[in-house]
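First residue of the sequence shown? That's 114 in our numbering, and the numbers climb one at a time after it. Built from N, CA and C at the ideal position, the CB exists for glycine as well.
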Amino acid sequence: MKTEDSRYQEKKDCICQEDLKSNDGVLAYHPVLVKKKDGDYLQFQCASMMRMYMADENGNEFEKNKVDCISSEKLELKLNKYFVYYIPTADENDKPQSESSRQIFFDRLKKQKDRFYQLSLSDQRQITNINDFYYESD
Numbered sequence: 114m115k116t117e118d119s120r121y122q123e124k125k126d127c128i129c130q131e132d133l134k135s136n137d138g139v140l141a142y143h144p145v146l147v148k149k150k151d152g153d154y155l156q157f158q159c160a161s162m163m164r165m166y167m168a169d170e171n172g173n174e175f176e177k178n179k180v181d182c183i184s185s186e187k188l189e190l191k192l193n194k195y196f197v198y199y200i201p202t203a204d205e206n207d208k209p210q211s212e213s214s215r216q217i218f219f220d221r222l223k224k225q226k227d228r229f230y231q232l233s234l235s236d237q238r239q240i241t242n243i244n245d246f247y248y249e250s251d
């Protein structure tokens, strides 16, 4: 059985330092919470996705994302004290309190290590927003 990590060993290695310099966000794979004296950090491998537009048998277009590369190098970014984890819900008005969403994120990190997350950064390079990122597995 292939593990999440072994699926990407054949793929090219991402170099994500430029992603950290922009406010466009960073795609994080396998994040781990690291507690330090000055706050909480996320240590992760950055990733890149290929976005493809496909058509089904009825001619309806849909978007598909596939993993392009995952970095071998681990990166580390500080979590802003008030970061928000956007939990996907059926009802956009049903958003949890920020504090509870942060706890849900921390709980998910412990249980589901092989997930991808989209990270938004402040000008100080702190993580301010986190979203789940969905993709098509190979």
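- Straight-line spacing of the CA atoms in residue 144 and residue 155 works out to 6 Å.
- Judged by DSSP in its simplified three-state form, residue 217 adopts helix.
- For a cut-off of 8 Å, the C-beta gap from residue 163 to residue 178 is around 7 Å, short enough to register as a contact.
- One thing to note: residue 191 has its Cβ within 7 Å of the Cβ of residue 239.
- Apart from the 5 residues on each side of it in sequence, residue 153 sits with its Cβ closer than 8 Å to the Cβ of 146, 147, 191, 192 in its chain, given in chain order.
- Check the Cα spacing between residue 246 and each of 199, 169, 216, 214: the tightest is with 199.
- Within the DSSP bridge table, the entry for residue 234 names 240 as partners.
- Looking at the backbone, the Cα of residue 242 and that of residue 228 are separated by about 16 Å.
- For residue 232 and residue 175, the gap between their C-alpha atoms comes out near 24 Å.
- Checking the DSSP bridge columns, you'll see residue 245 partnered with 230.
- For residue 152, the enclosing beta strand (DSSP E) starts and ends at 152-168.
- For residue 140, same chain residues with a beta-carbon under 7 Å away, outside a window of 5 residues either side, are 159, 160, 161, 162, 229, 231, 246 in chain order.
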